[in-house]
Structure formats: structure tokens, C-alpha cells
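Visitor:
There are 2 protein chains.
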Amino acid sequence: MVSVTRITALAGGVGAAKLLRGLVHVVPPEDLTVIVNTGDDVELHGLHVSPDLDIIMYTLASLIDEVKGWGIANDTFNCLEMLGRLKRETWFKLGDKDLAIHIVRTQLLRSGLKLSQVTAELCRMLGVKARLIPMTDDDVQTMVQTKHGILPFQEYFVKRGAKDEVLGVTFKGIEGAKPAPGVLEAISQADRIVLCPSNPIVSIGPILSIPGVRSRLREAEAYVVGVSPIVGGKTIKGPADRMMAGLGFEASAYGVAKLYSDFLDHLIIDKVDEALKERIEELGIAVTVTNTVMRSLQDSIELARKVLGAHENA
Amino acid sequence: MVSVTRITALAGGVGAAKLLRGLVHVVPPEDLTVIVNTGDDVELHGLHVSPDLDIIMYTLASLIDEVKGWGIANDTFNCLEMLGRLKRETWFKLGDKDLAIHIVRTQLLRSGLKLSQVTAELCRMLGVKARLIPMTDDDVQTMVQTKHGILPFQEYFVKRGAKDEVLGVTFKGIEGAKPAPGVLEAISQADRIVLCPSNPIVSIGPILSIPGVRSRLREAEAYVVGVSPIVGGKTIKGPADRMMAGLGFEASAYGVAKLYSDFLDHLIIDKVDEALKERIEELGIAVTVTNTVMRSLQDSIELARKVLGAHENA
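These protein sequences, in sequence, are chains A and B.
So in our numbering the end of the first sequence lands on 1041, straight run, no missing numbers.
So in our numbering the end of the second sequence lands on 1041, straight run, no missing numbers.
And the structure:
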């Protein structure tokens, strides 16, 4: 039986959304707070786009295009086509329905609301009952150092297809960034903290780097459970494996465990990584071995159950 | 033979666009300058929308939805649908392709460009060779006084369907508005000035009310030819007839002639209004009687030829 009541998750994009989709089938969504990376946020055509917030919001609102893993299902791209005709850059694939979110977000931000307030309002309008909080209301930009120069994350990731070797990652503006209202409280007051299977460097990394967040996690009373985004030395999606390797970390579930070892109680790893169990346990981290690849809603639900029941398996 | 070289037109929306579409088939579009009403401009969802500029731009770029008379052909409304879901007002029907124009216009305005510069840039990107100039780069808002209160033009026209009796019309901000760069020169240097068949109160009216424009028209050397938007006491489209009546003007081609009598040399009226010819001539205005209802491109071309050849018929 799952007795956890208040759950706080740290989340990036696609992998996180898949786990959270399972979680809201297992616990009342009102019990779930999700702290979301905004280091990938980007201004496009004068509009504020928050890719990770959107993926999670669309997923929890059952709007997500499950085939692509981003954007809204059955969307069209007629505005983007015309933007191309107007000689605008079109490498970031903004759908027509999707655009409505960015238009309203931008308008509300310009009216003086903070990103956390705008996010709450968008969630309310889309019927998302879980509480989504951006990691910060301040401007933080994930910058990726490559041989091609220092690129904003979306230019590295979407425009150039994550093809460049990663020489370094920095979070511009992080020193002065404050956690958004509710972030630290959600960590302190949680019964369970979940590290979603997101890129530890550029998705979870920025959240942990907001001054005050990491120390709050270390002090948290809640049992802290992570799901490794690296399975058999590879990521399901995205460049986490190559990025970790490029930065001198082991691209494995063990490497993930090490990055979180100062606050992580438990790591869920895939069956293919069973051999890593003992090494991870030597870091003082309990391990559950299970299927972590979420190909269906049922997979997400089962993995969510493992996350919530992890302490019984410690 | 048409010997006119530099043509300057004063224009509102749909009726103007239909005549201009004919004109660019009769003369090189590079010879045409169009001064366009911006009193109907409106900010929607944080985006700057210029309905009259758009109708003319889309028409001259062959993008216009000819059935509706506004917007872009084969457009979709997916963003608008989602804006509705986000509890935004959706009475102004923004298409997805159409939105790209407003997004880029807004972005360029925010970057510091003037509306006249942005318009030139949009026209260049869409391949419009005629020169479109907004009447002013300043903020002028056409306000319509009704029993329901004083409404911005688009609220009176689109949101409430032009159903209210019009008690008065004012142009907010007009006293301090300057003609956009090129407006006065286009009037002085023209060989032919054309008053398009647009609403004389709320389409041509704001242009004439920009300080300096009306006196420049009176002093212009060019032959000034208008086309009556009122045919048989009715407008083809829009509320000009009821608006003129409500404000105490005669809702007829004669009423139009009177409104322009201080600078108009020639008015083209419809065959159904032949009986008004003598009264208009008594104002010192020459008259051509012809078919003025443009149901096809051929109609537009023939009317454009009448406009250009009007002086031979005076």
C-alpha cells in the first residue's frame, strides 16, 4: 500500500513527463508538486517559450503529442510556415495550438506576473491539478560550451541537433537566482522526493544549482528516490550520455548516483544495469532494479509504484 | 492610354484592397503608394494587429482569402481555438498564418522600429512591390460613441457586429499624431491621387484628420479622383451607410462627395446613382458613372482603368 502523501518531484522534460503521468494515476494529482527546470527557456519571435514546463503541462493535461514526445497532439504548423516565409528562424518547431500557450505566457509576463504565477494560471486553465513550479522566477540560461562556441541550450540541442561535443555547461544568471516561491517549502515539507529520469547535467543540474536548493535537499526529512535516465550506458532520449562522458562523468546509472550521492537515498535502475547495483550501494544509496523504460502508460504507472514503494525495498 | 505615373491612394480595408488589386494590374506596382488607415489597429493577446494594412498587404501579395475578404486563404484557426481554451477573447478571428504577421510586426515594433518601417519590411518579405505607408507611426485610435458607451473601433465593428447606432466618432491621439514619413510627400508628388471606396468616416476619415494631410490634399497638383463606397444608398460591406446617416450626413454618393468637396476633383459613382450626377457636379466635382461593384478581378481592373482615365472624362 502506498502511504506517501505529499510528493515533490524535480523534473526536466520528456522522461520526467512520462514518470509523472504514471504518478498522477497512482496518487491524487493534488498531492504532487513538480519543480521544473527553466534553464532551457528561450525567447523566440518575441515569445517566452518554456519547453520543460510545457512538456509536463501538456502531458498532465493529456494534450501531449505522444509520438513526438513534445508539443500538442494533432497540432498544425501553419504559423511557423508563414514565419519561414517572413525569413524568421524555424528550427524550433512551434505548433499553432502550442503558440497559444507562448502568446498567453508572454502577455501575462509582460503584464507583470512572475513565471510561477503564470504557470499556475496556465495549469488552472488547462485543468492540470498537480502543482507545477518553475525552479526560479529569475532568468537563468543553460549555456553549452562546444568547439563551435558557447551556445544557449536550445541552439545546441534543437538547432544543431546536439551533435557537438560538450566541453562544459554553465548556468548564466544562477548566482543571483532565487528559488521560485514554494520551491524550498515543497522540498522541506514533502513526504517523498522524486528525482525524475531527466538529464542530470542540464535538466536536474540547473534546479540543484539554484542557491539553497541542494542544501535543502540534503536536509530534507523525506526519502529521496531517483530514477536513472541512463540505461545500459545510453539515454532513452537526448544527449545525457555523451554530455556526462564529455564532462568526465561515468555515463551510467552509477555516474548518475554519484552526481546525486550527497542527498539521494535510493536509485531505481534498469534490469540491464543490475551489475551496477553493488557499486551504487557502496555510495550509501539503496537500489531497486526494475524495468525503467516507459513505452506505455502501464509502464509509467508501474514505475511510479516502484518509486512510491522504494523505501519498503530498501 | 494611361499616362499617369506616380499614383497615391488613400485606403481603408476591403473595398480599397479590391480597387488596388485592379490598379496593380494596370500600372507597375512600383508606381503606387498607398496611405493606409491605422485607426482600427488593435492590440490582441499582446500582439499588434493592423487590420487595414493586413487586408491590403495580403491582397497585393495574392494571399487574401477572397471569399471572406480578410485573412489569409486556406488558413487554420488552431491557435485561436487554444486561446479560447485559455479563456482569452476570441471574437477577433486570428488565423494561424495571419498570426505570423502579427508576431513579427510586434517583435519588430518592440525592437524599436516604427510601424512604417515594419510595414515596409513585411511588404518586402511578402513580395509586395507597391509602397504601403501607415497614415502615422503614432498611436491613433478610432473610438465609436454608442448608447452602449464609447467603444474602440474593433469592439464596435467585430465584437458587437456594428449593430449599435453610431452617435459620434473620434480619433483618440489624432491631435499629436504626425503623418508617417513619406505621407505628405506622396500626396505632393503624385500625378494622380485616388480616394479608395472605403468608409469616409472611419477609414478615410482618420487619414484626413492627421494634422497636415487634408491641407496637403487641397494644395496638391494632382487630379484627385474618388470612388464612392456608397451604391444606391447602401455600402457593399461594412456600416458606412448607417454611420453616415447616424452622424447627420446623407448616406449616398452625394454625401461622400460633400465630405471630400474641399479637395476632390472627380467622383466615380455607380450606374444606380446616375440621378445624383448633377447634384455632385454642382459641388464643382466632375463625375464618371460606371459599374463600381467589384465582383471579380476583371471588375477591379476595369474600375482601376476608369480611375486612371477619369481626367479624360471630366
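Even for Gly, the Cβ is constructed at its ideal location relative to N, Cα and C.
Could you give the distance in angstroms between the alpha-carbon of Q868(A) and the alpha-carbon of P933(A)?
Guide: 9 Å
Visitor: To which residues of the same chain is A947(A) closer than 8 Å at the C-beta, ignoring the five residues directly before and after it?
Guide: Result list for A947(A): I914, S915, A917, I920, F990, in chain order.
Visitor: Nearest chain B C-beta to H772(A) closer than 8 Å, yes or no?
Guide: Taking Cβ atoms only, chain B reaches closer than 8 Å to H772(A), which makes this a yes.
Visitor: Consider the Cβ of M784(A): report whether some Cβ of chain B lies at a distance smaller than 8 Å.
Guide: Judged by the 8 Å Cβ criterion, M784(A) is not in contact with chain B.
Visitor: To the nearest angstrom, report how far apart R941(B) and L986(B) are at their CA atoms.
Guide: So the two alpha carbons sit approximately 12 Å from each other.
Visitor: Taking the Cβ atom as the reference point for each residue, do L774(A) and T833(A) lie within a distance shorter than 8 Å?
Guide: T833(A) is positioned such that its CB atom lies closer than 8 Å to that of L774(A).
Visitor: Is there at least one Cβ from chain B nearer than 8 Å to D823(A)'s Cβ?
Guide: yes
Visitor: If we ignore side chains and look at the alpha-carbon of each, how far apart do G973(A) and R945(A) end up?
Guide: 27 Å
Visitor: Check whether the segment 998-1018 of chain A and the segment 884-895 of chain B are in contact - that is, three or more C-beta pairs closer than 8 Å.
Guide: no
Visitor: Report yes or no: do three or more beta-carbon pairs, one from the segment 777-797 of chain A and one from the segment 754-769 of chain A, lie closer than 8 Å?
Guide: yes
Visitor: With a cut-off of 8 Å, does the C-beta of M809(B) fall near any C-beta of chain A?
Guide: yes
Visitor: If you drop the 5 nearest sequence neighbours on each side, which residues of the same chain put their C-beta closer than 8 Å to that of G959(B)?
Guide: The beta carbon of G959(B) lies closer than 8 Å to those of D997, V999, D1000 in the same chain, with the five residues before and after it left out.
Visitor: Kindly list, in the order they appear in chain A, the residues whose Cβ is closer than 7 Å to that of D768(B).
Guide: Within chain A, no residue comes near D768(B); the closest Cβ sits about 17 Å away, beyond 7 Å.
Visitor: Between the segment 829-859 of chain B and chain A, which residues of the former have a C-beta closer than 8 Å to a C-beta of the latter?
Guide: Only those residues of the segment 829-859 of chain B whose C-beta falls short of 8 Å from the nearest C-beta of chain A are listed: I830, V831, T833, Q834, R837, L849, M852, L853.
Visitor: Could one say the Cβ of L826(A) lies closer than 8 Å to chain B's Cβ atoms, at least one of them?
Guide: yes
Visitor: Tell me where the beta strand (DSSP E) around P861(B) begins and ends.
Guide: 858-861
Visitor: For the pair the segment 817-827 of chain A and the segment 751-765 of chain A, tell me if three or more CB-CB distances fall below 8 Å.
Guide: no
Visitor: Considering Cα atoms alone, identify which of A1037(B), A1031(B), A978(B) is closest to L746(B).
Guide: Taking each of A1037(B), A1031(B), A978(B) in turn and checking the Cα distance to L746(B), the smallest one comes out for A1031(B).
Visitor: Under 9 Å Cβ-Cβ, which residues of chain A neighbour N1040(B)?
Guide: By Cβ distance, chain A contributes nothing, its closest Cβ being about 42 Å from N1040(B), past 9 Å.
Visitor: Could you have a look at R919(B) and say whether DSSP puts it in helix, strand or coil?
Guide: strand
Visitor: Report back the beta-carbon spacing between I830(B) and G909(B) to the nearest angstrom; my notes put them in contact at under 8 Å.
Guide: Incorrect: roughly 25 Å between the Cβ atoms, too far for contact.
Visitor: Quick one: is L750(B) buried, meaning 16 or more other Cβ sit within 10 Å of its Cβ, or exposed?
Guide: buried
Visitor: Check distances from the C-beta atoms of the segment 880-908 of chain B to those of chain A and list, in chain order, the residues that come in under 9 Å.
Guide: From the segment 880-908 of chain B, no residue has a Cβ closer than 9 Å to chain A.
Visitor: Chain B partners of K874(A), CB-CB under 9 Å?
Guide: Under the 9 Å cutoff, chain B gives no residues; its nearest Cβ is about 31 Å from K874(A).
Visitor: Let me see if you follow: with CB-CB separation under 8 Å, is L1010(B) close to chain A or not?
Guide: no
Visitor: In chain order, what residues of the same chain lie with their CB nearer than 6 Å to the CB of A744(B), ignoring the 5 residues before and after it?
Guide: For A744(B), where only same-chain residues beyond five positions count, the Cβ hits under 6 Å are I782, I783, T786.
Visitor: For T817(B), go through chain A and note every residue whose CB falls closer than 9 Å to its CB, in chain order.
Guide: None at all; the shortest Cβ gap to chain A is about 10 Å.
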